[in-house]
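Take a look at the structure below.
There are 2 protein chains.
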Amino acid sequence: MRMPVRFEVVAREGEARAAILKTRRGLIETPVFMPVGTGGTVKGIRFEQLEGSDLNAQIILGNTYHLWLRPGIETIGACGGLHRFIGWERALLTDSGGFQVWSLGALRKISEEGAEFRSHLDGSQQFLSPEISMEVQVALGADFAMVFDECAPGKSSLEEARKSMELTNRWAERSKTKFELLQREQMDSAWSGSGDGLSGHQALFGIVQGAAHLDLRRESLERTIEIGFSGYALGGLSVGEDKSVMWDVVNEIAPQMPAECPRYLMGVGTPEDLVEAVAQGLDMFDCVLPTRNGRNGQAFTSRGRLNVKNTRWAQDQRPLDESCECLVCRRHTRAYLRYLYLSGEMLAGILLSHHNLAFFLDTMRRVRQSIRSGDFMKFRREFIDRLRSDELFHHR
Amino acid sequence: MRMPVRFEVVAREGEARAAILKTRRGLIETPVFMPVGTGGTVKGIRFEQLEGSDLNAQIILGNTYHLWLRPGIETIGACGGLHRFIGWERALLTDSGGFQVWSLGALRKISEEGAEFRSHLDGSQQFLSPEISMEVQVALGADFAMVFDECAPGKSSLEEARKSMELTNRWAERSKTKFELLQREQMDSAWSGSGDGLSGHQALFGIVQGAAHLDLRRESLERTIEIGFSGYALGGLSVGEDKSVMWDVVNEIAPQMPAECPRYLMGVGTPEDLVEAVAQGLDMFDCVLPTRNGRNGQAFTSRGRLNVKNTRWAQDQRPLDESCECLVCRRHTRAYLRYLYLSGEMLAGILLSHHNLAFFLDTMRRVRQSIRSGDFMKFRREFIDRLRSDELFHHR
Chain A
62 MRMPVRFEVV AREGEARAAI LKTRRGLIET PVFMPVGTGG TVKGIRFEQL
112 EGSDLNAQII LGNTYHLWLR PGIETIGACG GLHRFIGWER ALLTDSGGFQ
162 VWSLGALRKI SEEGAEFRSH LDGSQQFLSP EISMEVQVAL GADFAMVFDE
212 CAPGKSSLEE ARKSMELTNR WAERSKTKFE LLQREQMDSA WSGSGDGLSG
262 HQALFGIVQG AAHLDLRRES LERTIEIGFS GYALGGLSVG EDKSVMWDVV
312 NEIAPQMPAE CPRYLMGVGT PEDLVEAVAQ GLDMFDCVLP TRNGRNGQAF
362 TSRGRLNVKN TRWAQDQRPL DESCECLVCR RHTRAYLRYL YLSGEMLAGI
412 LLSHHNLAFF LDTMRRVRQS IRSGDFMKFR REFIDRLRSD ELFHHR
Chain B
62 MRMPVRFEVV AREGEARAAI LKTRRGLIET PVFMPVGTGG TVKGIRFEQL
112 EGSDLNAQII LGNTYHLWLR PGIETIGACG GLHRFIGWER ALLTDSGGFQ
162 VWSLGALRKI SEEGAEFRSH LDGSQQFLSP EISMEVQVAL GADFAMVFDE
212 CAPGKSSLEE ARKSMELTNR WAERSKTKFE LLQREQMDSA WSGSGDGLSG
262 HQALFGIVQG AAHLDLRRES LERTIEIGFS GYALGGLSVG EDKSVMWDVV
312 NEIAPQMPAE CPRYLMGVGT PEDLVEAVAQ GLDMFDCVLP TRNGRNGQAF
362 TSRGRLNVKN TRWAQDQRPL DESCECLVCR RHTRAYLRYL YLSGEMLAGI
412 LLSHHNLAFF LDTMRRVRQS IRSGDFMKFR REFIDRLRSD ELFHHR
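Taken in order, these protein sequences are the chains called A and B.
Each residue of the first sequence is one higher than the one before, starting from 62 at the first, in the numbering used here.
Each residue of the second sequence is one higher than the one before, starting from 62 at the first, in the numbering used here.
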């Protein structure tokens, strides 16, 4: 049977793996970092740059919740789906909206049927369910869709976390049922026929929940595998819990996730997090840090984080990162970037976001190369040591 | 004697001329539009884009007043001058600060010696004179510098305008004296030795003032020529006076400006203004409209201005301008740009500014070609007719 994606591991080192993820929009080499394009734009970055050799992002994310509320599915549908609406031909992944609804906190009410909430844009009453999320994601037509899940806080009690995990499990079944129906009905706006050994359909990923409770996490994983998906994600991490909790879950669960499928750690993380998670066998990552922190004046470098506002850079003619070869580091000095930031110039956020994305994407390129050449453990050690080598930078 | 620039007219049609302006930073084909980079950045536009084939700007502007107040000459000097500070190797022109000081209105006080004013950044007391403006401009090291002038309002009485014009004239002499001294002392941060038939020094332009009074304008022109500069500018236009006043001055004065030097119309204007001013023999132009209006959601197109916010574009899948081949028009729809703008996404201002600059720069390319091929009058008529052809757009 033709599947929507094909995942082929080409090299391993410990739990880490390098693989080729074949999609209807071309090949993605994993481990991969996916820049976040919440509202159909990676903030401040032009698509030409995402495609250029400097960044060369193979896949970006869109947020279902945001795009559903604005511009809405009617508009995106009329424009031929999300790819055509935004002008991007490479792969896209949409989340399910579950996490965004969860993060509205007091503004939402969860029932068996779904989540009732007020829009962050205009306060209007809205309702999202597994079925609606699938309808929206199929209309968006991203190459990867996610089940509609409920996210339990990291500090949930066992009882709360179990309730939430079981709800997520029932929602996963409903998500899959509705998703498959919509695929059969060819409602996917980006379907272009099968070919190249693939079905041409969207791929749906399941999400493992269970907060900090490892037993629940294991049970969630088993039950999610039972339903059966094209890939599996770890959700509900990096949502305010202690870092140690996240690593307990990642270290325990990641190696148990199906080895023949892509494994996606949602919403994580810093460069060091990515490298550590790869070492636990994870393949896909997304995070707003490169662009959000870039807009706020923070650069990620091979020697830790650099606060561009700092007075010490006022006349510093070095690039942000002396070992970075991105367009920003080849052209601009810390002095200029500091000045732009303090002057409130748009170019500050644009250039810092670009550099940060380049650093994240280049780190993943080096991760992939090192796994293929069997040097990953060495790379990992040197990378982490170097990040911590410059006492003058911020590390957190 | 070697001059800082060489200006060679290669074709004429009526008063319009196509020329090569040879500078120490390469050749500039005129008529030329110079994107405005007030604070050392053309707002929202990366330098790679300015250099790319889409825009291919040969020269950009920096504002002396802004750069002097922030980051200051000490910082820019320490970083090797403005070119190196911002990372731009092509030609630069700096204004003198005169216009910005004038536009502070009540915050400034003019005396024979110079202009006392309060900084728009922190209210601190500042003083700018012809000598200080030259010191600052020489430290910035732009390839073209401007005399420090006083700008009289378009509605000034004959008496006020004469006083102002005469002050500007005395300041022009002082500017030139100081400028030449600083050049001899090689204080120009970007001087790199003479060569290629040029002196390697900065070029200084004089500015013709006189408000709406044609007699004063003629006298100002004569006296400015008498002092002698590498080029001549028309200042004090497009500063709130009626359009008809501007054209009276341009039509009368431009053809009388020295034919063997570049003629620069400061701060003007719309695409139709540029084409009309070229027809009167002007060669150089700068204006904030492409970027400022772009950030405010307005696109300049071959059929007039398009307000990207308009509901009618909500699902419109055409590019901003169907006859534009810029990167934005090749990739993005009105629907997407409208959505980005209404969502407050940075990318809206970035893409609209890019398209607008592409339209201005491409218009000037077509102006140059048409003068060279003897078709300028035809181009001009068709260009203006087309701009006014679509009743559904805004024309003003």
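Glycine included, every Cβ here is placed at the ideal spot set by N, Cα and C.
Just so you know, these numbers come straight off a predicted model, no measurement behind them.
Length of the line joining the Cα atoms of residue i and residue j
i      : j      : result
A/I89  : A/E109 : 18 Å
B/R364 : B/Q244 : 47 Å
B/R324 : B/H262 : 19 Å
A/V208 : A/L228 : 12 Å
B/R151 : B/K216 : 38 Å
A/T155 : B/Q376 : 22 Å
B/K237 : B/M318 : 19 Å
B/S190 : B/I134 : 15 Å
A/F94  : A/Y402 : 26 Å
B/R353 : B/V97  : 10 Å
B/G358 : B/N417 : 11 Å
A/L381 : A/I445 : 18 Å
B/R169 : B/L219 : 22 Å
A/I120 : B/Y397 : 20 Å
A/D204 : A/L298 : 23 Å
B/G142 : B/F346 : 24 Å
A/D249 : A/A419 : 32 Å
B/E386 : B/L448 : 17 Å
B/I286 : B/A206 : 16 Å
B/L122 : B/E241 : 22 Å
Chain A within 8 Å of residue i, Cβ atoms only
i      : result
B/S185 : no
B/I147 : yes
B/P132 : yes
B/I171 : no
B/G367 : Strictly speaking, residue 367 of chain B in this sequence is Leu, with Gly absent from that position. Taking Cβ atoms only, chain A never reaches closer than 8 Å to B/L367, which makes this a no.
B/Y400 : yes
B/S291 : no
B/T229 : no
Buried versus exposed call for residue i [16 or more other C-beta atoms within 10 Å across all chains shown]
i      : result
B/Q186 : exposed
A/M44  : Here chain A covers residues 62 to 457 and nothing more, so residue 44 of chain A does not appear.
A/T372 : exposed
B/G301 : exposed
B/R107 : buried
B/E406 : buried
B/V66  : buried
B/L182 : exposed
B/K439 : exposed
Which listed residue (the options) has its alpha carbon closest to that of residue i
i      : options                        : result
B/N230 : B/V197, B/N368, B/S281         : B/S281
B/V306 : B/V97, B/F290, B/T424, B/H274  : B/H274
B/A233 : B/G289, B/T372, B/C385         : B/G289
B/T460 : B/L412, B/G405, B/S404, B/E406 : Past the boundaries of the shown model lies residue 460 of chain B; chain B is included only from 62 to 457, so the question cannot be answered.
A/S255 : A/R449, A/S450, A/M62          : A/M62
B/Q430 : B/V336, B/R366, B/G330         : B/V336
Closer than 8 Å to chain B by CB, residue i
i      : result
A/I121 : no
A/R63  : no
A/F108 : yes
A/G372 : The amino acid occupying residue 372 of chain A in the given sequence is Thr; Gly does not appear at that position. No, no contact with chain B.
A/E406 : yes
A/V416 : The sequence given here has His at residue 416 of chain A, not Val. By this cut-off, A/H416 is not an interface position.
A/R392 : yes
A/C140 : yes
A/Y397 : yes
A/T362 : no
A/A375 : yes
CB contact flag (residue i, residue j, <8 Å)
i      : j      : result
A/E69  : A/A80  : yes
A/F421 : A/P316 : no
B/F160 : B/G175 : no
A/G271 : A/R278 : yes
A/G355 : A/S291 : no
B/I147 : B/T99  : no
B/S260 : B/M425 : no
B/L265 : B/L295 : no
A/E76  : A/A251 : no
Within-8 Å CB hit, residue i to chain C
i      : result
B/S164 : As a matter of chain content, chain C is missing from the structure shown, whose protein chains are A and B.
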